[in-house]
Amino acid sequence: MFGVMLIMLCGILVGYLLRNFKAIPAFVSKASIYIIFLLLFVMGLSVGSNPQVIHNFGKLGFMGIAIALISVAGSVALSWVVYRYLFKPHK
Amino acid sequence: MKNSLVILLCFITGVILAYQGIIPTYDSSLELYILYALMFLVGIGIGSDLSSLSSPIKKYRFKIILVPLATIVGTIAACALFAIFCPLGLRETIAVGCGFGYYSLSAILLNELAGADIGTIALICNLCRELFTLLTIPLLARYCGKLAPIAAAGATSIDTTLPLISHTLGEKYVVIAIFHGVVVDMSVPLLIALLYL
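Residue numbers (my numbering), protein chains in the order written: chain F, 17 to 107; chain Z, 818 to 1014.
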């Protein structure tokens, strides 16, 4: 986590120094989506070569997926309440 | 929507290639370097418009603490409800959910504390949370409020899902996502330790 934050701070510094180049935000947005694709491919490699996940998926996968979906639903529902009443811009 | 499909396709291609042994030597530090590249780009985006860092803090102040709180309470409440139908039991179900997508840590902790089966479920569950969030960030942002992608991301809102959150919601939400990620990240070992006192 700290390594990641340090790298981001370096990015902020570089972005600040280059702030007068108007093309930067569009470039960053475009480049990052392609690197996200690459990240997912590599995450796939890591899952596909992980015997703990691959060998147990049939037996324990369903339970894992169920708890993941339930957790996301609970968090999203509460975040919607927070957003609706405290964050949403009033018209 | 198109991005989500490409993301899913990239992930599945990776799984198949590694599973079939077509890419035999996989170096796990590669993932970290790609993440670094992404975080550098997110940083550049913020740096080119520094007000995106300060304006949300000025605007929302203490309300920001409610975002990670909603994520944590929402997950625990939903898991507690689900435990009624779940053969794992209340404590195990909540403990698995409390990984908040931080699969490496929660799987290691629960392997130790609750045995290999629960550890493996935690690994799969939290991997799925991360993957599911990456796939649905645009949909969540459109239909469930701007905070929904951050809440779904859980602990990953500070690393793997942050670039896509920034891409979808804009730089203004990055500072909220970072704060959320730090708090939820730290809550993972704390909550799991409390559950297994």
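Just so it is clear, CB atoms sit at the ideal spot from N, CA and C, and this is done for glycine as well.
Alpha carbon of residue i to alpha carbon of residue j, nearest angstrom
i, j, result
"residue 92(F)", "residue 42(F)", "29 Å"
"residue 85(F)", "residue 925(Z)", "21 Å"
"residue 830(Z)", "residue 879(Z)", "43 Å"
"residue 863(Z)", "residue 21(F)", "13 Å"
"residue 912(Z)", "residue 26(F)", "36 Å"
"residue 822(Z)", "residue 946(Z)", "17 Å"
"residue 1007(Z)", "residue 933(Z)", "20 Å"
"residue 75(F)", "residue 99(F)", "38 Å"
"residue 902(Z)", "residue 87(F)", "15 Å"
"residue 942(Z)", "residue 1010(Z)", "19 Å"
"residue 970(Z)", "residue 884(Z)", "12 Å"
"residue 896(Z)", "residue 986(Z)", "28 Å"
"residue 45(F)", "residue 984(Z)", "6 Å"
"residue 905(Z)", "residue 955(Z)", "32 Å"
"residue 820(Z)", "residue 900(Z)", "34 Å"
"residue 882(Z)", "residue 997(Z)", "8 Å"
Candidates the options, of which the one nearest residue i by Cα
i, options, result
"residue 920(Z)", "897(Z), 938(Z), 934(Z)", "938(Z)"
"residue 1002(Z)", "916(Z), 835(Z), 825(Z)", "916(Z)"
"residue 898(Z)", "910(Z), 889(Z), 870(Z)", "910(Z)"
"residue 953(Z)", "89(F), 103(F), 94(F), 29(F)", "89(F)"
"residue 908(Z)", "930(Z), 891(Z), 887(Z)", "930(Z)"
"residue 828(Z)", "64(F), 77(F), 69(F)", "64(F)"
"residue 105(F)", "1014(Z), 825(Z), 876(Z)", "876(Z)"
"residue 865(Z)", "935(Z), 988(Z), 1000(Z), 967(Z)", "988(Z)"
Residue i Cβ short of 6 Å to the ligand GDP heavy atom set
i, result
"residue 839(Z)", "By its list of ligands, the structure shown contains no ligand whatsoever, and the ligand GDP lies outside what it can speak to."
Closer than 7 Å, Cβ to Cβ, to anything on chain F: give me those residues from the region 851-876 of chain Z, in chain order.
Going along the region 851-876 of chain Z in chain order, one finds 851, 852, 853, 854, 855, 856, 857, 858, 859, 860, 861, 862, 863, 864, 865, 867 with a Cβ nearer than 7 Å to chain F.
Three CB pairs or more closer than 8 Å across the region 844-857 of chain Z and the region 79-89 of chain F
The region 844-857 of chain Z is not in contact with the region 79-89 of chain F.
Any contact of the region 962-978 of chain Z with the region 835-842 of chain Z, i.e. 3+ C-beta pairs under 8 Å?
Taking 8 Å as the limit for Cβ pairs, the verdict is that the region 835-842 of chain Z does not touch the region 962-978 of chain Z.
When you compare the region 987-994 of chain Z with the region 58-66 of chain F, are there three or more beta-carbon pairs, one atom per stretch, that lie closer than 8 Å?
Under the 8 Å Cβ criterion, the region 987-994 of chain Z does not count as touching the region 58-66 of chain F, having fewer than three qualifying pairs.
Can you give me, in chain order, the residues of the region 29-44 of chain F that have a beta carbon less than 7 Å from any beta carbon in chain Z?
For the region 29-44 of chain F, which is checked against every Cβ of chain Z, the residues closer than 7 Å are 29, 30, 31, 32, 34, 35, 40, 41, 44.
Going along the chain, which residues of the region 974-986 of chain Z sit with their C-beta nearer than 8 Å to a C-beta in chain F?
The region 974-986 of chain Z vs chain F, Cβ under 8 Å: 975, 976, 977, 980, 981, 983, 984.
Any C-beta of chain Z within less than 8 Å: which residues of the region 75-90 of chain F qualify?
The region 75-90 of chain F vs chain Z, Cβ under 8 Å: 76, 77, 79, 80, 81, 82, 83, 84, 85, 86, 87, 88, 89, 90.
Can we say the region 39-53 of chain F touches the region 975-990 of chain Z, given the rule of at least three CB pairs closer than 8 Å?
With a cut-off of 8 Å, the region 975-990 of chain Z and the region 39-53 of chain F count as touching, because enough Cβ pairs lie within range.
Name, going along the chain, the residues of the region 996-1009 of chain Z whose beta-carbon falls closer than 7 Å to a beta-carbon of chain F.
So the list reads 1002, given in the order they occur along the chain.
Output needed in chain order: residues of the region 827-847 of chain Z with a Cβ under 9 Å from some Cβ in chain A.
Of the protein chains in this structure, namely F and Z, none is chain A.
Every unbroken alpha helix (DSSP H) inside the region 49-94 of chain F [4 residues or more]:
Here no run is fully enclosed.
In chain order, which alpha helix (DSSP H) runs of at least 4 residues are fully inside the region 909-994 of chain Z?
With a minimum length of 4 residues, the unbroken runs of alpha helix (DSSP H) contained wholly in the region 909-994 of chain Z fall at 920-931, 933-960, 965-970, 979-986.
Within the region 882-913 of chain Z, note down every full alpha helix (DSSP H) run reaching 4 residues or more, in order along the chain.
Listed in chain order, the complete alpha helix (DSSP H) runs (minimum 4 residues) inside the region 882-913 of chain Z are 883-899.
Give the residues from the region 47-59 of chain F that approach chain Z closer than 9 Å (Cβ to any Cβ), ordered along the chain.
Flagged, chain order: 47, 48, 49, 51, 52, 53, 54, 55, 56, 57, 58, 59.
Determine which residues of the region 940-959 of chain Z have a Cβ less than 9 Å from any Cβ of chain F, and write them out in chain order.
Answer set for the region 940-959 of chain Z: 940, 941, 942, 943, 944, 945, 946, 947, 948, 949, 950, 951, 953, 957.
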